[in-house]
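Novice: If you scroll down you'll find the structure; I have some questions about it.
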Amino acid sequence: MVIRTDFRDDGAWVALKLALSLPWGPEEFEPHAHVVDAPFTPT
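Below you can see the structure in the form of C-alpha cells.
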C-alpha cells in the first residue's frame, strides 16, 4: 500500500505510480500495489 501524504508535486506522484506499475525483479514479477491518493478532508 502506498499512501500519498504530500500533494505539492503531481508530476512526481504520476512518475511514482508509473514505476509501481512496471514488472520488477529478475523474474519480471507483476506488481501489486494499492494506491491511496485522496486528501483527508475533516468534516
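The numbers in the sequence shown follow my numbering, run straight up by one, and end at 23.
Every residue gets a Cβ at the ideal spot worked out from N, C-alpha and C, and that includes glycine.
#1: Between the alpha carbons of residue -19 and residue 0, how many angstroms are there, rounded?
#2: Thinking C-alpha only, which one of 19, -4, 21 is nearest residue 13?
#3: Where residue 5 and residue -10 are concerned, what is the direct C-alpha to C-alpha distance, given to the nearest angstrom?
#4: Could you give the distance in angstroms between the alpha-carbon of residue 19 and the alpha-carbon of residue -7?
Specialist: Looking at the atomic coordinates:
#1: Your numbering for residue -19 matches position 1 in the sequence shown. Your numbering for residue 0 matches position 20 in the sequence shown. In a straight line, the C-alpha of residue -19 is about 11 Å away from that of residue 0.
#2: Along the sequence shown, one-based indexing puts residue 13 at 33. The shortest C-alpha separation from residue 13 is found at -4.
#3: Counted from its first residue, the sequence shown places residue 5 at position 25. Counted from its first residue, the sequence shown places residue -10 at position 10. So the alpha carbons of these two residues sit roughly 27 Å apart.
#4: Along the sequence shown, read from residue 1 onward, the residue named residue 19 stands at position 39. Along the sequence shown, read from residue 1 onward, the residue named residue -7 stands at position 13. Spanning the alpha carbons of residue 19 and residue -7 requires a straight line of approximately 13 Å.
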